[in-house]
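One structure below.
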Amino acid sequence: MFTAYDKAAAAAIGAAVTSVIAAVTTLDPDVVGAAGTLVTAGLVWLVPNKTAE
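Per the working numbering, residue 9 is the first one in the sequence shown, and the count goes up by one each step.
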């Protein structure tokens, strides 16, 4: 899915998802922030770490 160099891209995708959630819902900003943190952390977790060379 992702390569070892895509952690920053995954974080950017998480931020974009958070922005979309905030724009299309009437959720409390704290809830949106918490959901965004979980989405971002989950996406970054899916990206493998760079292997030692």
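C-beta atoms are modelled at their ideal positions from N, C-alpha and C, and glycine is treated no differently.
Boundaries of the alpha helix (DSSP H) in which residue i is found, first to last residue
{"i": "Leu54", "result": "Pro37 to Leu54"}
{"i": "Thr26", "result": "Lys15 to Val32"}
Sub-7 Å separation of residue i and residue j beta-carbons
{"i": "Ala23", "j": "Val52", "result": "no"}
{"i": "Val47", "j": "Val25", "result": "yes"}
Expected contact under 8 Å - CB spacing of residue i and residue j to nearest Å
{"i": "Ile21", "j": "Ala43", "result": "Not quite, the Cβ-Cβ distance comes to about 14 Å (not below 8 Å), so this is no contact."}
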